[in-house]
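If you count the sequence shown from 1, position 270 lands on 271 in the numbering used here, and the numbers rise without skipping. Every residue gets a Cβ at the ideal spot worked out from N, C-alpha and C, and that includes glycine. All values derive from a computational prediction rather than experimental measurement.
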Amino acid sequence: MVYPPEFYLAFWPQIGPLLLEMIHSTITKGSFFNNSNIAIISLLLKKGKEPSECSSYRPISILNADIKLFAKVLASRLEPHLSTLIHVDQTGFIKNRLASDNVRRLLHIIEASNTADFSNGILSLDAEKAFDRLEWHFLWQVLYHMGFGHNFVSMIQTLYNDPTATVLTGIICSKQFPISRGSRQGCPLSPLLFVLSLEPLAQAVRQSVSHNPIVIHNTIHFISLYADDILLFLHNVSHSLPHILSIFKDFGQVSGYKINWGKSVLLPLNSSTGQAPATVATMNISVVQMFKYLGISIFPTVSAIVTNNYNKVLAEVQNSLQKWSSPALSFHSRISVIKMNILPRINFVGSMLPLAPPKGYWKKINLLLSKFIWAGKRPRIKISVLQRPKKSGGLGLPNFQLYHWAFVLRSLSIWFDTASCVSWRSIEENIVKPHRLQDLIYSNISIKQSKVKFGSIITELISTWNAAEKYCRISPNWYLQSPIFFNSHLQLGGRPIYFSSWANNGVFTLSDIFGAEGLCSFLDVQKIFNLPGSSFFFYLQLRTAMHTYGVPWNGTLGLHPFHKVLTGGKGLVSIIYAVLLQASDKPLSLDRVWKQDLTSDNNNLDWHLIWQNLSLSSRNPNHRMIHYNFIYRSYYTPRSLFRFEGLPSPNCTLCLQKSLGTFFHMVWECPGVVVFWKNVCSVLSTLLSQEIPYSPTLILLNDSSGLNLPAKSKRLFFG
């Protein structure tokens, strides 16, 4: 009998000790029991493929929970060491390395190649069943060569000792058959073993003296890997390709790895003809002007990459929203469709491309979303209000532009971390010289100057930083991170400051010369950084410049408000997005509208409590939406319908007093409604054994700040 993971979780205190004893026995024995090490394979038909062909099916393997638990323990021990063992060229399945790192590096190579006076090429390789062809004997040798101990390798070998599989068709399982190679699908350890097995190949390519790599900004680029997605960077294609072929052939003979050269493609860069040498044709490699890499369409120019990818996802979003535009969908369901269907698509492109979309892109997205949410009708609530957090009166509708800013600003965590091992950091470090990368955004570089000096990627980051500061109402100021050198807002004789003897001794930013009481004395700075006495005159010049440009050197300086956020770790994009979203959390005009009507009642509304109590009104999201629309007054009244020429009179249609049919009159002042609400207050007072005041603030808005309700009574009152 096969038990699901939930069973282990529920009964872990009883099962855990038994499972540990079984694992110890297995390690001693060197193999699992026959019934444990079986993979059940289900076949899924690929989209648009012929059902009668075996190759049309995608095998999905399910492993025993005992096996997966043991493999997960080994994976958790191995994972922290992968970044040390594996070069920055590989990013797949390695902590703190992202697929977007490979794309950012590729964009730098493409942009630099387009301004160079020589031709380069990018070769995208297609591997045949890469995970399934891995030879185990080769894998064990790689592990031993990398320094793994005999005991650890033996525990891994236990997972690969006589494994079997069976194919599940309907409810019938085939006979078991042995598995003799490949990393096991569904095993938590398999991806880590696979990237380790590819490292010798990457090393061989980097060490090849016959391979001419691409050199940009004094950095050398041979190869880029994300699992089995491999890019080769070639300067002299006709010279390099035969030697590369030899390396892959030798590697394949010992590892089982095989490249399908017929499906591999070459993208020429900075080539007027777009053609490659005859060597490529003899190897049956296609020369293309576009290929897909990690879900992104790659073209010979950065502008084409940005335009095509963003416009493609815009068209996909438009088609998807049209398919979901069923009149049966409720308002809340439409918001959920956007969160689950649209958000991942737009955010994927935004996370992979560190560049701004075409002009007007976010406006088009918002128009599509607004049309979908309101089913083609006139919006009754602004989209900016819907994008607010629920605790602030919104519905948590994603703000895609702020998400894009968050993805762009995430790169600053790499800029600030000088020890970060990311493939593109060295490129950008060389591009911005003589600036230090971690100082650049505090150096007050103009966007125009940045475009000329640093290119589109770094310029977009600086531009987004400036926009985010303005959005969060952070005025330009002096911070501890502000650089002393090459700062446009700190000059001597009309030129940015630089003093080599200070820079060589580690003095770079204001934090280096400021203490708890302000600017340190020269003697203190000299003592800390071992500065020559002859630099005292520069200290005086610097102090004068700081006074001229408004640096408060008699007071203390603080950290930039974004700095702590950007030096965080896990979930950085979500943290940045939350900070940006909070900055848009301005007082709602709704408060003023309600206060105009609540003149006879306590009109100091506690909106935080109102939105909090809204979540208690019902478990049904559609019922909560009724209350939400009520608070926002999005329902039509005789007065509003009269304005739209829907009614002949703006007066109330329920009473004979000829009162103006305003929203407040219809829900509170109309005589028939007054009787209803007084009955409600009477019934609630009886049920709760507590006097419930006849108050529009309490009854209409659920502002219970003036009412002391026990916890048990809150659900009854608000529900």
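- Within the region 27–91, the complete alpha helix (DSSP H) segments at least 4 residues long are 66–86, listed from N- to C-terminus.
- Assignment of beta-bridge partners to Ile306 by DSSP yields no partner.
- Runs of the beta strand (DSSP E) lying entirely within the region 163–210, each at least 3 residues long, are 165–170 in chain order.
- In terms of Cα proximity to Leu708, the closest of Leu701, Leu717, Arg716 and Glu692 is Glu692.
- In this structure the region 99–108 does not lie against the region 196–211, because fewer than three pairs of beta carbons, one per stretch, are closer than 8 Å.
- As computed with DSSP, Arg496 is found in a beta bridge with Leu493.
- Phe487 sits in coil when the DSSP states are folded into three classes, being neither helix nor strand.
- Looking at the backbone, the Cα of Arg634 and that of Ser331 are separated by about 18 Å.
- Counting along the chain, the unbroken alpha helix (DSSP H) around Lys679 starts and ends at Pro672 to Leu689.
- Residue state for His151 is assigned as helix, using DSSP reduced to three classes.
- For the pair Ser590 and Thr308, the Cα-to-Cα distance works out to about 38 Å.
- Each of Phe486, Tyr9 and Tyr161 was checked against the Cα of Ala40, and the nearest Cα belongs to Tyr161.
- Three or more beta-carbon pairs drawn from the region 355–365 and the region 454–469 are found closer than 8 Å, and the two stretches are therefore classed as touching.
- Per the C-alpha coordinates, the member of Phe292, Ile514, Phe509 and Ile485 positioned closest to Ile498 is Ile485.
- The closest CA to that of Gln323, considering only Asp163, Ala376 and Ile336, is found on Ala376.
- In terms of Cα proximity to Ile286, the closest of Phe252, Val255 and Leu246 is Leu246.
- Under DSSP, the beta-bridge partners assigned to Phe234 are Ile123.
- Contact check between the region 295–303 and the region 110–125: three or more CB pairs, one atom from each, fall below 8 Å, which counts as touching.
- The residue from Gly394, Arg411, Ser334 and Val314 with its alpha-carbon nearest to that of Lys365 is Val314.
- A direct Cα-Cα distance of roughly 9 Å separates Ser714 from Leu688.
- Fully contained in the region 320–402 are the following alpha helix (DSSP H) runs of length 4 or more, in chain order: 332–338, 344–353, 362–374 and 384–387.
- Put simply, the backbone Cα of Leu560 is about 6 Å away from that of Tyr480.
- With respect to the C-alpha of Leu581, the residue from Phe563, Leu70 and Val681 having the closest C-alpha is Phe563.
- Using a Cβ-Cβ distance cut-off of 8 Å, the region 425–433 and the region 212–230 are in contact, since at least three pairs of beta carbons, one from each stretch, lie closer than that value.
- The continuous beta strand (DSSP E) containing Ile221 extends over residues Thr220 to His222.
- Counting the other CB atoms within 10 Å of its CB gives Gly17 a total below 16, which places it among the exposed residues.
- By the beta-carbon neighbour count (other beta carbons within 10 angstroms, threshold 16), Ile217 is buried.
- Asp586 is positioned such that its CB atom lies closer than 9 Å to that of Ser393.
- With the rule of 3 Cβ pairs closer than 8 Å, the region 615–627 does not count as touching the region 414–424.
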